[in-house]
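Written out below as structure tokens is the structure these notes cover.
Numbering (the working numbering), first residue to last: 352 to 657.
Now the structure itself:
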């Protein structure tokens with residue numbers, strides 16, 4: 352009886368996070384397919400950047416959900432396996448704020464320098480920016496790896512961890528923790544300033560008689576959306592600190608359920624809202640996205656999508 356109760360308990364706990372994760376993965380997957388389905392999406396720089404953002408968020412959601420299910424089922428991994436998975440999580444997590452910076456600057460150039468937009472924001476320059484964002488995130492992970500030198504990892508590749516796999520359990524270094532906090536603060540402060548600068552430039556340009564008012568207004572709303580997305584990306588960074596603080600104040604049973612709620616709110620939701628916010632707001636993407644989400648029902652499609 353106890354075994355059955357324990358099984359049902361784990362099933363409910365897994366279902367609470369897995370169901371919304373699967374729903375949002377389907378939406379993200381449909382959005383990714385949508386962004387590759389039409390030439391206008393494949394050849395437009397802002398949609399290429401959106402694809403990169405969604406790809407990183409979706410990959411992070413998949414790996415984070417895998418780690419969560421392994422933790423709920425109390426499955427222990429080897430140090431090498433856990434290190435590989437958590438590195439992928441950290442790599443993809445760093446892409447979102449960097450991509451949002453590039454997307455904000457693209458909107459800034461489109462409004463403030465409309466005549467030079469086509470020459471500055473090219474597919475080649477966009478590809479370089481995407482490669483640079485992945486390179487910066489990769490360098491960050493390599494730098495984190497330097498702190499592993501203080502440990503002796505002889506024969507640890509096949510050694511099972513004492514607890515379930517988390518970044519903290521696999522890499523319990525106080526110096527690494529300080530580095531992570533400093534890097535996170537630097538990236539998000541820099542990204543926030545870039546988005547705010549772009550927003551301010553668009554507001555100033557909107558007052559100019561030579562600026563397209565409708566385009567400037569739309570760009571302002573888009574930049575505000577980028578700022579919200581940046582905040583959502585930052586919220587996932589406070590997931591573990593919140594859990595650590597919570598573990599010291601509540602019972603284990605309460606902690607497990609609150610952990611599940613925090614996981615859905617701070618990890619799953621930020622990873623999927625990009626597709627919903629962009630897909631439903633963008634008049635070019637929306638009819639195509641709804642067409643695929645609603646099993647090929649017909650919706651009015653913007654000219655030029657065929």
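Glycine included, every Cβ here is placed at the ideal spot set by N, Cα and C.
State buried or exposed for residue i, treating a residue as buried only when at least 16 other CB atoms are found within 10 Å of its CB.
i: residue 447; result: buried
i: residue 327; result: With the chain represented from 352 up to 657, any question about residue 327 goes unanswered, as that position is not in the structure.
i: residue 525; result: exposed
i: residue 470; result: exposed
i: residue 565; result: exposed
i: residue 619; result: buried
i: residue 617; result: buried
i: residue 408; result: buried
i: residue 403; result: buried
i: residue 527; result: buried
i: residue 589; result: exposed
i: residue 657; result: With a pLDDT of only 38 at residue 657, under 50, the local geometry of the prediction cannot be trusted, and no value is derived from it.
i: residue 579; result: exposed
i: residue 634; result: exposed
i: residue 479; result: exposed
i: residue 625; result: buried
i: residue 541; result: exposed
i: residue 587; result: buried
In the DSSP assignment, the alpha helix (DSSP H) including residue i goes from what residue to what residue?
i: residue 474; result: 474 to 497
i: residue 434; result: 430 to 444
i: residue 638; result: 636 to 644
i: residue 423; result: 396 to 423
i: residue 515; result: Where residue 515 is concerned, there is no enclosing alpha helix (DSSP H), given that its DSSP letter is neither H nor E.
i: residue 619; result: From DSSP, residue 619 is part of no alpha helix (DSSP H); its letter is neither H nor E.
i: residue 579; result: 564 to 586
i: residue 539; result: 525 to 557
i: residue 391; result: 390 to 393
i: residue 471; result: 468 to 471
Candidates the options: which alpha carbon is nearest residue i's?
i: residue 487; options: 443, 360, 428; result: 443
i: residue 567; options: 405, 398, 455, 490; result: 455
i: residue 438; options: 489, 572, 398, 539; result: 489
i: residue 499; options: 431, 637, 391, 540; result: 431
i: residue 445; options: 597, 569, 534; result: 534
i: residue 392; options: 376, 546, 474; result: 474
i: residue 464; options: 398, 536, 570, 595; result: 570
i: residue 643; options: 371, 615, 383, 390; result: 383
i: residue 420; options: 607, 645, 586, 493; result: 607
i: residue 585; options: 626, 410, 537, 595; result: 537
i: residue 389; options: 376, 636, 355; result: 636
i: residue 472; options: 613, 394, 539; result: 394
I need the straight-line Cα distance from residue i to residue j, nearest angstrom please.
i: residue 434; j: residue 518; result: 8 Å
i: residue 381; j: residue 481; result: 22 Å
i: residue 441; j: residue 559; result: 42 Å
i: residue 360; j: residue 483; result: 45 Å
i: residue 414; j: residue 511; result: 19 Å
i: residue 367; j: residue 621; result: 17 Å
i: residue 573; j: residue 628; result: 10 Å
i: residue 476; j: residue 491; result: 23 Å
i: residue 374; j: residue 609; result: 21 Å
i: residue 655; j: residue 632; result: Because residue 655 sits at a pLDDT of 44, beneath the cut-off of 50, its placement in the model cannot be relied upon, and the point is left open.
i: residue 379; j: residue 638; result: 16 Å
i: residue 623; j: residue 546; result: 21 Å
i: residue 577; j: residue 467; result: 23 Å
i: residue 640; j: residue 497; result: 43 Å
i: residue 424; j: residue 369; result: 13 Å
i: residue 605; j: residue 592; result: 17 Å
i: residue 597; j: residue 583; result: 21 Å
i: residue 594; j: residue 615; result: 13 Å
i: residue 630; j: residue 405; result: 11 Å
i: residue 460; j: residue 532; result: 32 Å
i: residue 429; j: residue 422; result: 13 Å
i: residue 427; j: residue 416; result: 15 Å
i: residue 602; j: residue 377; result: 35 Å
i: residue 410; j: residue 554; result: 35 Å
i: residue 329; j: residue 613; result: Given a span of 352 to 657 for the chain in the structure shown, any question on residue 329 remains unanswerable.
i: residue 646; j: residue 493; result: 43 Å
i: residue 398; j: residue 357; result: 46 Å
With the cut-off set at 8 Å, would you say residue i and residue j are in Cβ contact?
i: residue 495; j: residue 548; result: no
i: residue 581; j: residue 543; result: yes
i: residue 611; j: residue 364; result: yes
i: residue 457; j: residue 396; result: yes
i: residue 386; j: residue 450; result: no
i: residue 412; j: residue 436; result: no
i: residue 453; j: residue 556; result: no
Is the closest heavy atom of the ligand PLP to the C-beta of residue i under 7 Å?
i: residue 637; result: Absence of the ligand PLP from the depicted structure is noted, as is the absence of any ligand whatsoever, leaving it without description.
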